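Residue numbers (this note's numbering): 45 to 520.
Below is one structure; the comments refer to it alone.
Structure, rendered in structure tokens:
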């Protein structure tokens, strides 16, 4: 037996905070198992490949976008591609009647797929707001992070993480700043749709309102509407509303009325005015956030996976197959199914015995019967993956050489003749010699030798007048 191929694992490592290594290396391949050795020794197994990813990594199948799993805690592992088992040599198919079978099995191909890997940052507080509302300035004022800050919209084009050290008040507060949101962000406008997923894992959302905006209250409603359109669960997360840019005189004058309007729109009293540029009331905000975050339940459990990437082809149910036919192409059938396609890949099509075994597997799985039930006839074309063959319910396979079929026919005819001769012999009862058993067969021949024939034996032989059949005469 050959060695099993290596598998590919994703490992959650808290020391990593980016998926850049995966972006730089698109193809990840594990090593194949080695061939079996003599004296029935198994081959060496392939080496596993472990790819380290940051916490918050979400894995999906690229084609269907079905969720395969999420890695949140350090040390968690996810099997994304299982190596195939080694093929079996002819010793595995040896029986008492067939001690040297001309049959072998290819190794099972390992899983090969494209994955979509995205990062959802795991933070305590996520910043939301319109572009140029002062989110990056607030992050720089509350932590040691140094995001890009400028007086124009969309200065932030990538998420930024920062940790606010509260000193004696306990552990630090992890903050996440994402690019600004605009109207239509849930539908793809701006950069919102690409980064809203980063605040889905936050316990609390910090909604930053630009006090210098023409309509601060309208900005608040716009952001919340985008949250609802993107994810209902995200829109229901607890929020803290912050009126920023209190250092601007126009905002200071309208502070009391703006806070009152924002409280009515938000439906709670968690509204505070600050100035991120001058750090006014920033420390008070962080202290309140820390207490509010500590009162929130633990982050939501990861959603159940929609697809199991740890399964290999032979791990699927053998009954899960599909027979497809097109009336435009009569006499052609296609079999779709993980199990049967994997069996076809492992078959040595150049060996007649291996092809016959594949036919027996079709019979055992009930596929041959189902094909006949749907109208398949002898000689129809059946396709499985990249392989095709003629359907033959009588187990006569087109891949078997004609001389072998002729020998089988001669053997069958020989068995028939032997059986007929045996039946004929059994029809004549056996009798001992003393009872004249030999006369039952030779009586007519013995009676044909009459008395006049004995006179020929008494006549003298005249060699001179004897005519030989040819000119050659043996001389002493």
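Using N, Cα and C, we set each Cβ at its ideal position, and we do this for glycine too.
Owing to the predicted nature of the structure, the values given are computational and were not obtained by experimental measurement.
Asked                                                                                                                                                                                                           : Found
Do residue 163 and residue 243 count as a contact pair if the criterion is CB distance below 9 Å?                                                                                                               : no
Put residue 105 into one of helix, strand or coil per three-state DSSP.                                                                                                                                         : strand
How many Å lie between residue 389 and residue 382 at the Cα?                                                                                                                                                   : 11 Å
Label residue 52 either buried or exposed according to how many other C-beta atoms from any shown protein chain fall within 10 Å of its C-beta, with 16 as the threshold for buried.                            : buried
So residue 125 packs on residue 157, CB below 8 Å; how close in whole Å?                                                                                                                                        : 7 Å
What distance in whole Å lies between the Cβ atoms of residue 68 and residue 205, which are believed to be in contact at a cut-off of 8 Å?                                                                      : Actually they are not in contact, since the Cβ atoms of residue 205 and residue 68 sit about 21 Å apart, beyond 8 Å.
Hey, out of 406, 403, 397 and 65, whose CA is closest to residue 142's CA?                                                                                                                                      : 397
Tell me which same chain residues have a C-beta within less than 7 Å of the C-beta of residue 420, skipping the five on either side of it?                                                                      : 377 and 435
According to DSSP, what are the bridge partners of residue 420?                                                                                                                                                 : Paired residue(s): none; residue 420 is not in a bridge.
Let's test the definition: count the other Cβ atoms within 10 Å of the Cβ of residue 453 and tell me whether it reaches 16, buried, or not, exposed.                                                            : exposed
Does DSSP put residue 207 in a helix, a strand or coil?                                                                                                                                                         : strand
Leaving out the 5 sequence neighbours to the left and right, which residues in its chain are closer than 6 Å to residue 369 when beta-carbon positions are compared?                                            : 377
According to the Cβ coordinates, are residue 302 and residue 260 closer than 9 Å?                                                                                                                               : yes
Beta-carbon within less than 6 Å of residue 50's beta-carbon, same chain only, minus the 5 sequence neighbours each way: which residues are those?                                                              : 74, 75, 90, 91, 92 and 127
Could you compute how far the alpha carbon of residue 431 sits from the alpha carbon of residue 173?                                                                                                            : 57 Å
Applying the 10 Å Cβ sphere with the 16-neighbour rule, what's the burial state of residue 313?                                                                                                                 : exposed
Exposed or buried, what is residue 106 when buried is set at 16 or more other beta-carbons lying within 10 Å of its beta-carbon?                                                                                : exposed
How would you label residue 277, buried or exposed, when you count the other beta carbons within 10 angstroms and need 16 or more for buried?                                                                   : exposed
Using 8 Å as the cut-off, can you tell me whether the stretch 289 to 305 makes contact with the stretch 349 to 361, which would need three or more C-beta pairs spanning the two stretches below that distance? : no
Terminal residues of the continuous alpha helix (DSSP H) containing residue 387?                                                                                                                                : 382 to 389
Three-state secondary structure (DSSP) at residue 392?                                                                                                                                                          : coil
Give a yes or no on whether the C-beta atoms belonging to residue 219 and residue 250 are separated by under 9 Å.                                                                                               : yes
Is it right to say residue 455 is buried, meaning 16 or more other beta carbons lie within 10 angstroms of its own, or is it exposed?                                                                           : exposed
Tell me the start and end of each unbroken alpha helix (DSSP H) in the stretch 270 to 314 that is at least 4 residues and wholly inside, in chain order.                                                        : 276 to 279, 293 to 297 and 299 to 310
Under the three-state reduction of DSSP, which class applies to residue 397: helix, strand or coil?                                                                                                             : helix
Using DSSP with H/G/I as helix, E/B as strand and the rest coil, what is residue 405?                                                                                                                           : helix
Assign residue 71 to one of three DSSP states: helix, strand, or coil.                                                                                                                                          : coil
Find the nearest neighbour of residue 169 within the set 223, 270 and 217, judged by alpha-carbon distance.                                                                                                     : 217
Thinking C-beta only, is residue 385 closer than 9 Å to residue 357?                                                                                                                                            : yes
Taking the alpha-carbon positions, what's the residue 387 to residue 450 distance?                                                                                                                              : 29 Å
CB residue 337 to CB residue 247, shorter than 9 Å?                                                                                                                                                             : yes
Just to confirm the assignment, what range does the alpha helix (DSSP H) spanning residue 354 have?                                                                                                             : Counting along the chain, residue 354 falls outside any alpha helix (DSSP H), and DSSP gives it neither H nor E.
By Cβ distance, which residues of its chain are closer than 8 Å to residue 267, with the 5 residues on each side in sequence left out?                                                                          : 172, 173, 174, 225 and 251
If you check the beta carbons only, do residue 148 and residue 131 fall under 9 Å apart?                                                                                                                        : yes
Work out the CA separation of residue 391 and residue 457 for me, nearest whole Å.                                                                                                                              : 32 Å
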